[in-house]
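Under my numbering, think of the first position of the sequence shown as 345, with each following residue one higher. Written out below as structure tokens is the structure these notes cover.
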Amino acid sequence: MTNRKLNLKDGLFWTIAILVILTNMLFSLASVFEIYQISFTDIEKEYHWGAEPFPWYYENKMTYLTYTGSWTILFLTTLFFQVYFALKDNKTKELYSGLLFILLFATMLIVNGPID
């Protein structure tokens, strides 16, 4: 292990990288918890499957689980790479994996549509 001194740019980079990792972790855990609730608890009774004002992924339980599971896999995969590259101190790949998460998050917001 080398004894490198972090300059201000490195500190700012890693601060932002850690914030992005924590945000990804929050969305990953929320997605896993959502899948757990729909699959194993009675909360699914509160969902209005197939109701008209709701988005397409509320068509039925399986469609919703597939949709949520897809985002969960994407978020967990980017989280794994973010943590891995942070531990390896690879700033370039950490930047790319963080940007990938931000892109996926923005895409999810666009696909989900406005939140009422």
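Each residue gets a CB set at the ideal place from its N, CA and C atoms; glycine is no exception.
Next on the checklist: If the criterion is Cβ atoms closer than 8 Å, does the pair L448 and T422 meet it?
Outcome noted: yes
Checklist entry - In chain order, what residues of the same chain lie with their CB nearer than 8 Å to the CB of G457, ignoring the 5 residues before and after it? => result P399
Checklist entry - When you compare only the Cα positions, how much space is there between G442 and N404? => result 33 Å
Next on the checklist: Beta-carbon within less than 7 Å of K435's beta-carbon, same chain only, minus the 5 sequence neighbours each way: which residues are those?
Outcome noted: F357
Checklist entry - Who are the near neighbours of V376 in its chain, counting only those whose CB is closer than 7 Å to its CB and skipping five residues on each side? => result T416
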